[in-house]
Amino acid sequence: MPDLSIIIVNWNTRDLLRNCLRSIYDGTKNLSFEVFVVDNASADGSPEMVKKEFPQVKLIRNKENLGFARGNNEGFSRAKGRYVLILNPDTEVVNDALLKMVQYLELHEEAGAVSGRFLYPDGTFQRYYNRFPTFSSMITKWFLPSKISYKLKPTRSYFMLDDDFDKLIEVEQPAGACIMVRRELFLNEDFMDEKFPIFFSDVDLCRRIYSKGLKIFVLPQAKIFHHMAKGGSEQAKRSLFLYVEYFLSMIDYFSKHQGMVKAGLLKAFFSIGFMVRSKVFLMEAIWGRKSWDEFNYALKVFYLFLTRRYVFSREPVLGTRENLR
Numbered sequence: 562m563p564d565l566s567i568i569i570v571n572w573n574t575r576d577l578l579r580n581c582l583r584s585i586y587d588g589t590k591n592l593s594f595e596v597f598v599v600d601n602a603s604a605d606g607s608p609e610m611v612k613k614e615f616p617q618v619k620l621i622r623n624k625e626n627l628g629f630a631r632g633n634n635e636g637f638s639r640a641k642g643r644y645v646l647i648l649n650p651d652t653e654v655v656n657d658a659l660l661k662m663v664q665y666l667e668l669h670e671e672a673g674a675v676s677g678r679f680l681y682p683d684g685t686f687q688r689y690y691n692r693f694p695t696f697s698s699m700i701t702k703w704f705l706p707s708k709i710s711y712k713l714k715p716t717r718s719y720f721m722l723d724d725d726f727d728k729l730i731e732v733e734q735p736a737g738a739c740i741m742v743r744r745e746l747f748l749n750e751d752f753m754d755e756k757f758p759i760f761f762s763d764v765d766l767c768r769r770i771y772s773k774g775l776k777i778f779v780l781p782q783a784k785i786f787h788h789m790a791k792g793g794s795e796q797a798k799r800s801l802f803l804y805v806e807y808f809l810s811m812i813d814y815f816s817k818h819q820g821m822v823k824a825g826l827l828k829a830f831f832s833i834g835f836m837v838r839s840k841v842f843l844m845e846a847i848w849g850r851k852s853w854d855e856f857n858y859a860l861k862v863f864y865l866f867l868t869r870r871y872v873f874s875r876e877p878v879l880g881t882r883e884n885l886r
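Converting from the sequence shown to the numbering used here requires adding 561 to each position, the first position being numbered 1.
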């Protein structure tokens, strides 16, 4: 049994994926591990690159893009390690960061998961950690101008803007770009809830870890470069739909963890907000202050949100995988 199973869900990030895999194999010593790359129908040669340059990687090729949650579940179902690491392809592991994370979990039973210190490519600290979203933090974050919102307690608390990350710190919800969990926690249940295909799946995962009476910590000595790539040009073209998907997933998260009342209120707030923005953009387009394309975008957001148009299906998908190599 390996110490660690690493799952990387990839979609059209071949060059970043190559650097990620190279950093794992070059920097991780004194630790037994296996690596799964779950490729969501990339068209940039990612699977071919993995086969040629990293034959030791266990490659799972999907025939269509199944999203982040399903991709990780596919890797988890085959994982054998005592610990499982969710790792984005736009990350690079610095030296023995993974060993330090495993060692911390081995020594601290109260920790259900750990993450590392995210760094921008230039080496500066990347504050990519949150507390669990609350009704007030989502309202202040999305309905107030940034200059006001970021001065208010709900937003500052949500983004942990006043916390010291130079030392070991408990973080309710580190970014899904790098989270190492105890595999035993999810042997009798789904690893990731596929009702959250791309957004809030990591938030939901962390929430379930806390529901088991455990905590999550960020280790300042475990450094991870994070490029924050968007996953390819096609994803940028679908940004309108992904934007709406984010808010729909937020409502679903609140419905699951905070009840139908708060979820309903949040949906009402965003419905009204998107409607008002559409009307404002219409008037400004008439006055020449906004383009008609901007008005059309706002109107589409309102329509897609109101009609709950998801990008990724919430239904099981059969016959979409090729064999594990």
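Think of the CB as a built atom: it goes at the ideal place given N, C-alpha and C, for glycine as much as any other residue.
- In the three-state reduction of the DSSP assignment, residue 731 falls in the strand class, which pools E and B.
- Secondary structure of residue 803 (DSSP, three-state): helix.
- Exclusion of the five residues before and after residue 762 leaves 629, 630 and 753 as the residues of its chain whose Cβ lies within less than 6 Å of its Cβ.
- In the structure shown, residue 838 adopts helical secondary structure according to DSSP, grouped into three states.
- By a beta-carbon distance limit of 8 Å, residue 741 does not contact residue 641. Their separation comes to about 15 Å.
- One alpha carbon belongs to residue 580, the other to residue 570, and they sit about 14 Å apart.
- The beta carbon of residue 702 lies closer than 8 Å to those of 710, 715, 716 and 719 in the same chain, with the five residues before and after it left out.
- Contact between the region 762 to 773 and the region 660 to 671 is absent: fewer than three C-beta pairs spanning the two stretches fall below 8 Å.
- Rounded to whole angstroms, residue 645 and residue 565 show a C-alpha spacing of 6 Å.
- In this structure, residue 686 lies away from residue 729, with their beta-carbon atoms at least 9 Å apart.
- Looking at 582, 591 and 592, the one whose alpha-carbon comes closest to that of residue 599 is 582.
- DSSP places residue 711 outside both helix and strand once states are collapsed to three, so it counts as coil.
- One Cα belongs to residue 774, the other to residue 855, and the distance between them is close to 46 Å.
- Taken atom to atom, the span from the alpha-carbon of residue 658 to that of residue 625 is near 32 Å.
- Short of 8 Å from the beta carbon of residue 816, and not among the five residues preceding or following it, lie these beta carbons of its own chain, in chain order: 824.
- Counting the other Cβ atoms within 10 Å of the Cβ of residue 617 gives fewer than 16, which makes it exposed.
- If you look at residue 608, you'll find it in the alpha helix (DSSP H) that goes 607 to 614.
- Residue 647 is positioned such that its CB atom lies no closer than 9 Å to that of residue 656.
- Between the beta-carbon of residue 776 and that of residue 745 there is about 16 Å, and that puts the pair past the 8 Å contact cut.
- In summary, residue 589 is buried, with 16 or more beta-carbon neighbours lying within 10 Å of its beta-carbon over all protein chains present.
- Proximity to residue 675 across 698, 725 and 738 peaks at 738, based on C-alpha coordinates.
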